[in-house]
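Taking it in order: structure first as structure tokens, then the write-up.
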Amino acid sequence: MSRLRRAQLRRPSSRLPAADEEHLLAIARLFNDRHPSSALALDSALSPLLLGLTHPSSLLRALSLLPSPSAAPLLLLSAIRLRSPLADHRATGKTLNLLLRSRNLRPAVDFLLSLPHPSPLLHDAPFNALIRSLARAGHLRRAVQVFRLMPARGVAYSAFSFNSLFAALFRRGRTRAAARLFDLMLRLGVPPDAVTFNTVIRGFCLNTMVSEAFHVFRLMPRHHCDPDVVTYNTLLDGLIRTGKFGAAHKLFEEMRKKSADVVPNVVSYTTLIRGYCSRLMVDKAVALFGKMVVVGLKPNKITFNTLMKGFCEAGNLDLMKNFFDKKAGFKPDICTFNTLIAAHCNAGSVEDALKTFDRLTELGLKGDSATYSTLVRGLCSIGKFGRAEMLIDELHEKEIFRRADSCLPLMASYNPLFEHLCSCGKTEKAGKVLRELLERRATVDIAAFKTIILGYCREGAFVKGYNLLVSMVMRDLKPDYKLCEELVKGFISKGNIGCALEAMKRMLDSGHRPSTDCFHSVLDGLLRKDGYANEAADLVSVMLERKIRQNSDLSTDVIHKLFGNGLNEKAFEIIRLLYANGYCVKMEKLVLILCQERKFLEARGLLLFSLEKKENLDLQGFCMVVNGLCEVERASEAFDLFYNVIDEQGSGAISSCMKSLMLALERTGMLKEAEFVSKQIIRTDVGEKPNVSMLLLLGSHIRIKPDLLLVELLHQMIKGRCNAEGNRGFRCSRNRNIFFRFLNIHCRLRMKSGAVEDIGVCEEGRRDIGRDWILQIIFGLQSICNNVS
1 MSRLRRAQLR RPSSRLPAAD EEHLLAIARL FNDRHPSSAL ALDSALSPLL LGLTHPSSLL
61 RALSLLPSPS AAPLLLLSAI RLRSPLADHR ATGKTLNLLL RSRNLRPAVD FLLSLPHPSP
121 LLHDAPFNAL IRSLARAGHL RRAVQVFRLM PARGVAYSAF SFNSLFAALF RRGRTRAAAR
181 LFDLMLRLGV PPDAVTFNTV IRGFCLNTMV SEAFHVFRLM PRHHCDPDVV TYNTLLDGLI
241 RTGKFGAAHK LFEEMRKKSA DVVPNVVSYT TLIRGYCSRL MVDKAVALFG KMVVVGLKPN
301 KITFNTLMKG FCEAGNLDLM KNFFDKKAGF KPDICTFNTL IAAHCNAGSV EDALKTFDRL
361 TELGLKGDSA TYSTLVRGLC SIGKFGRAEM LIDELHEKEI FRRADSCLPL MASYNPLFEH
421 LCSCGKTEKA GKVLRELLER RATVDIAAFK TIILGYCREG AFVKGYNLLV SMVMRDLKPD
481 YKLCEELVKG FISKGNIGCA LEAMKRMLDS GHRPSTDCFH SVLDGLLRKD GYANEAADLV
541 SVMLERKIRQ NSDLSTDVIH KLFGNGLNEK AFEIIRLLYA NGYCVKMEKL VLILCQERKF
601 LEARGLLLFS LEKKENLDLQ GFCMVVNGLC EVERASEAFD LFYNVIDEQG SGAISSCMKS
661 LMLALERTGM LKEAEFVSKQ IIRTDVGEKP NVSMLLLLGS HIRIKPDLLL VELLHQMIKG
721 RCNAEGNRGF RCSRNRNIFF RFLNIHCRLR MKSGAVEDIG VCEEGRRDIG RDWILQIIFG
781 LQSICNNVS
């Protein structure tokens, strides 16, 4: 509870009621211990404590006493659920500020989006604070998303909301996006303030868009904003940067003639001095420096360092020495020495730069990140990488990047060292420097990312390379094609297909088109691993969408994998997409595999799709599926497939499976369908002719009336279309014996039932139909036998 005690000591003089103080300590103790995990249990524990608070600031004090920032949202959300009157917009802002102190901004985003809306708890200040924090941390895209969510949450935009984004957009060089944002601000009727105008003007000037800056400048009176000296200095700097010295002088003279609010100050003179120095006009810079002193302005360190840099760049070191010897009041700082070190390095005198660096300790100065980056770049330029590495080690030991007074480093300055370390197998060391630069929010450089990511790939550390790629994308940097391809190929070679797929997604999101071989390699890897059926199907969809050529073997394997994982609907969806785009799969292979795996229903679906597409498939596959469906008692589905086949190709196409289909239909009571199949068997005229024994068997199994069967049998035999075991129809004695035996059985059955007493006798006054029918058969047989003899 030491934290609680420290918090109590830091309390302001305005004291809370004693009861409130007791409740606050109890709340803190609850969260200091293991608080209830469920919201209901937490509300139950907090209810008597929160509802007992009476002072308006009690909840704010309770939030300050919590052991960790992560507990603040729990407390506030519980207060909201309990309808505590103290849960207001101030408590919301306090909670968000506590969360923003940590480097992980995700909890802050989640908290703000979890609040009920619309609600008086929400206003623009918490959103603005979150947007600024996200932008400063390099999460510009996320910051824009939060900005766009404000109207949906019932929060109106303010000038602060827009100002939070302007600086971040301009810092990234997103000038078009910033211009559109400014137009949106005016279109929505949000009045810009002086900060808005100065930020936008400065952004345009820093990106050498001076004409756009002056356009915004001329809009200020319309919105009741008067330009101040900061506005004029920003425009002056923009003109100097673009080399428009005539316009810069004119603007400078206008400032001198205007009101006291915009009279040139030290920054104005220093900006113009820098312009002279950049054009190596050191004499005019010194003259302007003298005028500044005459008008009563005291030069600052930036002014002196600007002049020193001008002397160094002009190569007038002797003039510089004489000038600064006369300025007894000037004390050089680290920026002064950084300027000298940079001048020596640019002149190729790296040894002199190192000597200057060694003097820092004598003068009680400490080198900053600019000092080390300049020296590292200089040493690498002359091939002294070992000495540069020693400086890097020293930089780590002294934690230069973590010092608050250190200037923001330039990542590009370390590129030569990164290239050396990565070429020597020391990518991890280079990665450590890069991570520290990112933590220090250094100006990012794509080349540095690329060098280290490729270094990781060469060393086989593909996961580290991919993590760095993700960090790169989060900072709105677009990786190039080679980076993504190397990662994808590397993950495939290591068998890490999940990461390969993620790397390919990043590649697609970055606007690159992977090669066909790259797509096929990833797809093949997904098929070789279990649990990636959905991902493989999605990848095929992406390939079709992007007009990537398909491989029929891989497409067939994808469908098989989907069926194997029970994703039947997905499988047929992909098949339809493939055929709609002019591709096909090896249907016969799929049907065979599915039948071997006893997935007859899925095979049936494929065959029906093939019939719909008029594919010419081997009919053996149809018979295999029909027989399989009959075996698993799916006679109805088997008959449906059979019917579709004979509708397209005739009954003779799959005659070998009709017997099993007929029997299956008879077992399930589908007698009409069984009779239909039997007729197809009798009438078939393709391949081998129907067997007499089979015809007789049909009649006994499916209960076809013997009269009808015998007539059909006789009809077929007379025409010579019916064989028995390959013999010659009715001319064969065996066939005739079979026929007469069946006829004898039939007649006995009819006489036994009382239909007739004898073949040639009928009841008086009544003509027996069976008798006439039998006589017709006998006369027919007699004529046939005469012909045979």
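In terms of the UniProt record's numbering, the sequence shown has 132 at position 132, counting the first letter as 1, and numbering is strictly consecutive.
By construction, the Cβ of each residue, glycine as well, lies at the ideal position given by its N, Cα and C atoms.
These numbers come from a predicted model, not from an experiment.
Residue i (DSSP reduced to helix, strand or coil)
i	result
T668	coil
T242	coil
A91	helix
I759	Reliability of the predicted coordinates at I759 is poor, the pLDDT of 37 falling under 50, and the value obtained from them is presented with this limitation in mind. DSSP places I759 in coil when its eight states are reduced to three.
T208	coil
S660	helix
G628	helix
G465	helix
G754	The predicted model places G754 with a pLDDT of 48, which falls under 50 and marks its position as unreliable, so this point remains unresolved.
S119	coil
Y583	coil
D538	helix
S102	coil
A156	coil
L379	helix
N316	coil
E573	helix
F323	helix
H215	helix
P299	coil
L438	helix
P17	coil
I548	coil
M220	coil
S373	helix
K284	helix
Per DSSP, cross-strand counterpart(s) of residue i
i	result
L410	T443
Supposed contact pair residue j and residue i - C-beta distance, whole angstroms, cut 8 angstroms
i	j	result
T374	S423	Rounded, the Cβ-Cβ distance is 22 angstroms, inconsistent with contact.
K478	S510	5 angstroms
F311	F330	So it is not a contact: roughly 13 angstroms between Cβ atoms.
K586	S636	Actually they are not in contact, since the Cβ atoms of K586 and S636 sit about 28 angstroms apart, beyond 8 angstroms.
D43	L82	6 angstroms
Y269	M255	Not confirmed; about 11 angstroms, so no contact.
G621	E588	6 angstroms
Same chain, Cβ closer than 7 angstroms to residue i, neighbours up to 5 away in sequence not counted
i	result
A213	I201, F204, C205, L235 and G238
M658	V677, Q680 and I681
N300	V266
L53	D20, H23, L59 and L86
R626	In the sequence under discussion, the amino acid at residue 626 is Val, which differs from the Arg named in the question. Only A638, L641, F642, I654, C657 and L661 meet the Cβ criterion.
A664	C630, A635 and A638
S102	P69
I453	G465, L468, L469 and L483
L487	C457, F462, G465, Y466, L469 and A503
K719	Below a pLDDT of 50, predicted positions are generally treated as unreliable, and K719, at 47, falls in that range; the measurement from the model is reported next regardless. Cβ within range, chain order: n/a, list empty.
Close-in-space but distant-in-sequence residues of the same chain around residue i (CB under 6 angstroms, 5 per side omitted)
i	result
R728	Low confidence applies to R728: its pLDDT is 45, below 50, so where it sits in the model is not reliable, and the reading given next is rough at best. Cβ within range, chain order: n/a, list empty.
L544	L577 and N581
S158	D124
A135	A143 and A168
G628	C595 and F600
Sequence-distant residues of its chain with Cβ nearer than 8 angstroms to residue i (five each side left out)
i	result
V376	A388, L391, I392, S413, Y414, P416 and L417
C484	L469, A503, M504, R506, M507, S510, H512 and P514
L527	A536, L554, D557, V558 and K561
M345	Reading off the sequence, residue 345 comes out as Cys, not Met. The residues are A353, T374, L375, R377, G378 and S381.
L30	A45, L46 and L49
K244	V210
Min CB distance residue i to chain D below 9 angstroms
i	result
N565	Protein chain content of the structure displayed is limited to a single chain, and chain D is not contained in it.
Which runs of the alpha helix (DSSP H) spanning at least 4 residues fall entirely within the UniProt repeat "PPR" (158-192), listed in chain order?
159-171 and 175-187
What alpha helix (DSSP H) runs, 4 residues minimum, are completely inside the region 19-90?
39-50, 58-65 and 71-81
Would you mind listing the alpha helix (DSSP H) stretches within the region 499-534 that are 4+ residues and don't spill past its ends, in chain order?
516-528
Within the UniProt repeat "PPR" (123-157), note down every full alpha helix (DSSP H) run reaching 4 residues or more, in order along the chain.
124-136 and 140-149
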